[in-house]
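Residue numbers (the working numbering): 212 to 554.
Even glycine gets a Cβ: it sits at the ideal position worked out from N, Cα and C.
Just below is one structure, and these are the notes that go with it.
Put into structure tokens, the structure is as follows:
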């Protein structure tokens, strides 16, 4: 939010200067402050953010890989392994490194007034502390021992995600507006198939953002039902990362559903290209209505309405299904909202 406010203040300053220059020597009376010709000054609704610490100013908890010391999958190993505070406050964000063969939590880190960075053999996370921009990099060529295909991949693959730790749920029914926004660039997108004697990887990679939409109405028959509302931002095997919707088989709840907008639906027809900054802004309430309607049509979350649901969290980052090597910088992201007026 701080980054959006800086941009807004710069815009308003430029606009004020332009208006002052345009008004010089015209002989016209200047409009009253606030720009309302009638002299009124309508109060604008307060804008709030769902996710705190959008500049990553407090630090990170580093979560485990989900593997124990013997290489066995263990849910107990997905907990906090290392907590890195940038000051006195507890970190507001976590770094998830599910099913990676390497451990960020066992790495040293750099922290000073300008930067934070931590890296292991396959992954790195860094923050420009002046701007709050965060860079995530994952080289899955270090994670796999060969090029993958549908039969060789199995059910576990490396992730690198950031997610807020303790989001206070925001009921959609309380909101007049709710806007989701993202500003990012793909810095690098390569593959290491040649290292394994192949021309190209057999499978894709995914850079995506998921906002958690959950039925938090205890009076609803669908209380607890969950929608992964996603934005599929980049897939190096496709011109545009595709739309996807399906049951969430990993969620442990048959009422859960995944609804993911493709890149064209959120970013538009401009392709996401390496080195070109891009992003989007959209009405999240309308988008969630669309996602819930799709879930209902497929037979899921049929006892949940938009009014029952809250925004309860998010994650953004990579799932790597093959030997891809990708780096992305996120300059700004979040969900902002205004509240309905009290009746």
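* Close beta carbons around residue 308, own chain, < 7 Å, minus the five adjacent residues each side -> Contacts found: 274, 276, 315, 334, 370, 371.
* Round the Cβ separation of residue 354 and residue 341 to the nearest angstrom and send it over; I've been treating them as touching at under 8 Å. => Contact between residue 354 and residue 341 fails: their C-beta atoms lie close to 32 Å from each other, not under 8 Å.
* To do: Can you give me the Cβ contacts of residue 350 inside the same chain, cut-off strictly under 6 Å, excluding the 5 residues immediately before and after it?
  => Same-chain partners within the cutoff: 333, 536.
* To the nearest angstrom, report how far apart residue 540 and residue 329 are at their CA atoms. => Rounded to whole angstroms, residue 540 to residue 329 spans 15 Å at the Cα level.
* To do: Leaving out five residues on either side along the sequence, give the residues of the same chain with a beta carbon under 8 Å from the beta carbon of residue 458.
  => Correct list, in chain order: 465, 467, 468, 469, 509, 511.
* Asked: Under the rule that 16 or more other beta-carbon atoms within 10 Å means buried, what is residue 367, buried or exposed?
  -> With fewer than 16 other Cβ atoms within 10 Å, it is exposed.
* residue 547 to residue 431 span [Cα, whole Å] -> Their backbone Cα atoms lie some 26 Å apart in a straight line.
* Asked: Using the C-alpha atoms, what's the distance from residue 382 back to residue 224?
  -> Because residue 224 carries a pLDDT of 43, less than 50, the predicted location of this residue cannot be relied on, and the following value inherits that uncertainty. Those two C-alpha atoms are separated by around 34 Å.
* **Beta-carbon proximity of residue 391 to residue 493, cut-off 7 Å** => For residue 391 and residue 493, yes; Cβs fall inside 7 Å.
* To do: In the DSSP assignment, find the unbroken beta strand (DSSP E) run with residue 507 in it and report its ends.
  => For residue 507, there is no enclosing beta strand (DSSP E); the enclosing alpha helix (DSSP H) covers residues 495–508.
* To do: Give me the Cα-Cα distance between residue 408 and residue 358, rounded to the nearest whole angstrom.
  => For residue 408 and residue 358, the distance between alpha carbons rounds to 9 Å.
* **DSSP beta-bridge partners of residue 382** => Partner(s): 521.
* Find the nearest neighbour of residue 479 within the set 289, 450, 456, judged by alpha-carbon distance. => It is 450 whose Cα lies nearest to the Cα of residue 479.
* To do: Just list the beta strand (DSSP E) runs in the stretch 410–434, keeping only unbroken ones of 3 residues or longer that don't cross its boundaries, in chain order.
  => For the stretch 410–434, the continuous beta strand (DSSP E) assignments of 3+ residues that do not extend past its boundaries occur at 416–426, in sequence order.
* Thinking just about the alpha-carbon of each residue, which of 477, 454, 487, 445 is nearest to the one in residue 471? -> Its Cα nearest to that of residue 471, the residue 454 stands out among 477, 454, 487, 445.
* **Which of helix, strand or coil DSSP assigns to residue 450** => Note: residue 450 maps to coil in three-state DSSP.
* To do: Could you check if residue 352 is buried or exposed, using at least 16 other CB atoms within 10 Å of its CB as the buried criterion?
  => Flag for residue 352 reads buried.
* To do: With a threshold of 6 Å, establish whether the CB of residue 513 neighbours any heavy atom of the ligand NAD.
  => You won't find the ligand NAD in this model; it holds no ligand whatsoever.
* In terms of residue numbering, what span does the beta strand (DSSP E) encompassing residue 358 cover? -> From DSSP, residue 358 is part of no beta strand (DSSP E); its letter is neither H nor E.
* Asked: Which full runs of the alpha helix (DSSP H) of 4+ residues lie inside the stretch 259–321, going along the chain?
  -> Here no run is fully enclosed.
* Under a three-way DSSP split, which group does residue 476 fall into? -> Helix, per DSSP.
* Is the CB-CB distance between residue 530 and residue 417 below 7 Å? -> In terms of Cβ geometry, residue 530 and residue 417 form a close pair [threshold 7 Å].
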